[in-house]
Amino acid sequence: MSIFIDNGTRLLVQGITGRDGSFHTRQMIEYGTQVVGGVTPGKGGQKFDGAVPIFNTVADAVNETGANATVIYVPPMFAADAIMEAADAGVSFIVCITEGVPVLDMTRVYPFVKEKAARLLGPNCPGLISPGKSKVGIIPGNICTPGPIGLVSRSGTLTYEVVFQMTRASMGQTTCVGIGGDPINGTNFIDCLAAFEADPDTEAVVMIGEIGGTEEQEAAEFVKEKMTKRVVGFIAGQTAPPGRRMGHAGAIISGSAGTAAEKMQAFEENGVGVAKRPIDIVQLLSSV
49 MSIFIDNGTR
59 LLVQGITGRD
69 GSFHTRQMIE
79 YGTQVVGGVT
89 PGKGGQKFDG
99 AVPIFNTVAD
109 AVNETGANAT
119 VIYVPPMFAA
129 DAIMEAADAG
139 VSFIVCITEG
149 VPVLDMTRVY
159 PFVKEKAARL
169 LGPNCPGLIS
179 PGKSKVGIIP
189 GNICTPGPIG
199 LVSRSGTLTY
209 EVVFQMTRAS
219 MGQTTCVGIG
229 GDPINGTNFI
239 DCLAAFEADP
249 DTEAVVMIGE
259 IGGTEEQEAA
269 EFVKEKMTKR
279 VVGFIAGQTA
289 PPGRRMGHAG
299 AIISGSAGTA
309 AEKMQAFEEN
319 GVGVAKRPID
329 IVQLLSSV
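Mind the numbering: the sequence shown is residues 49 to 336 in my numbering, read in order.
What follows is the structure in structure tokens.
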């Protein structure tokens, strides 16, 4: 099995005619994802690459294609409305790749998506991939391979690095999920850990965190209380100076909270194996 997406995922692409939407739509189709339609206001009735129907609204697209998931590649100023349009149209799984969505926008998006009982992944995330089944977003398919390890990460770049190391070591993946590093996002570590715990094909989980916030500490407590499967982790930003923002909007240390040392200690105290370097994750998994 896998989590959140599989062979039955029927995907829409919001912003399919833009630069990023076009490029990654072709990548997803080439990987085998069922891209059943695209949405670009004003271009309804046309076809992307002569094959994928384009609609003016998400509601029209869902009614015509039966889509159950969508991925969003629209500029930041339009991303909040795109997410809410998808949720309002009944799409159950929404992935927002867009970077730079205002935090204030997310304060109204988050409760709306919850009210509609939809799952949001992102924004500012690379999406996810269930190797051999489906990929939604921008994670390269050629570095992944099917297998029994689940992966959840706040860092897109480290997702690629660790997955590549795992694949080279013949450690395949059930699903690799990039949750993004913004202060307010949809799916979090605990959501993914719970899904991996319930997935019978996932035997162990890799969790990649970074400095800032308390999500990793809360996830570590969840592992201790709820997980029966082995979890190993890595925290990015171990050498970051206090008070300096490190890439992601959420990756900033507030006072003494959210440091890499604090998070690694929380991992160790709650039974999560801690890797000092990304490359050490493979060795930790070998001991599972």
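Backbone N, C-alpha and C define an ideal beta-carbon position, used for all residues, glycine too.
First and last residue of the uninterrupted alpha helix (DSSP H) at residue i
i      : result
Thr73  : 67-79
Phe103 : Here Phe103 belongs to no alpha helix (DSSP H); instead the beta strand (DSSP E) covers 100-103.
Lys272 : 263-274
Ile238 : 237-246
Residue i, enclosing beta strand (DSSP E) - first and last residue
i      : result
Gln82  : 82-87
Val119 : 117-120
Pro194 : 194-201
Arg58  : 58-62
Ile177 : 175-178
Arg167 : 167-169
Residue environment, residue i, which counts as buried when at least 16 other CB atoms sit within 10 Å
i      : result
Leu152 : exposed
Glu263 : buried
Met125 : exposed
Thr287 : exposed
Thr276 : exposed
Pro159 : exposed
Phe71  : exposed
Pro171 : buried
Lys311 : buried
Residue i, DSSP secondary structure in three states
i      : result
Phe141 : strand
Gln331 : helix
Thr113 : helix
Gln286 : coil
Phe96  : strand
Glu251 : coil
Val320 : coil
Val225 : strand
Phe147 : Note on identity: in this sequence residue 147 is Glu, with Phe being the wrong assignment. It is coil, neither helix nor strand.
Gly204 : helix
Ile186 : coil
Ile131 : helix
Ile256 : strand
Arg156 : helix
Arg325 : coil
Sequence-distant residues of its chain with Cβ nearer than 6 angstroms to residue i (five each side left out)
i      : result
Pro123 : none
Gly63  : Gly69, Tyr121, Val122
Phe315 : Ala268, Gly281, Val322
Asn116 : Arg58, Ser140
Asn55  : Lys181
Thr193 : Pro179, Thr215, Gly220
Val161 : Ala135, Leu168
Cut-off 7 angstroms between Cβ atoms - residues of its own chain near residue i, not counting five sequence neighbours on either side
i      : result
Ala130 : Gln62, Ile120, Val122
Val157 : Ala128, Ile131, Met132
Glu266 : Ile238
- prompt: Between the segment 199-219 and the segment 75-91, do at least 3 Cβ pairs fall closer than 8 angstroms?
  reply: no
message: I want to know whether the segment 238-248 touches the segment 184-195 - three or more CB-CB distances under 8 angstroms.
response: no
message: Check whether the segment 214-224 and the segment 139-153 are in contact - that is, three or more C-beta pairs closer than 8 angstroms.
response: The segment 214-224, when compared against the segment 139-153, does not touch it at the 8 angstroms Cβ threshold.
query: Do the segment 218-237 and the segment 173-182 meet, that is, are 3 or more Cβ pairs less than 8 angstroms apart?
result: yes
message: If contact is defined by three or more beta carbon pairs under 8 angstroms, each pair taking one atom from either stretch, is the segment 126-146 in contact with the segment 92-99?
response: no
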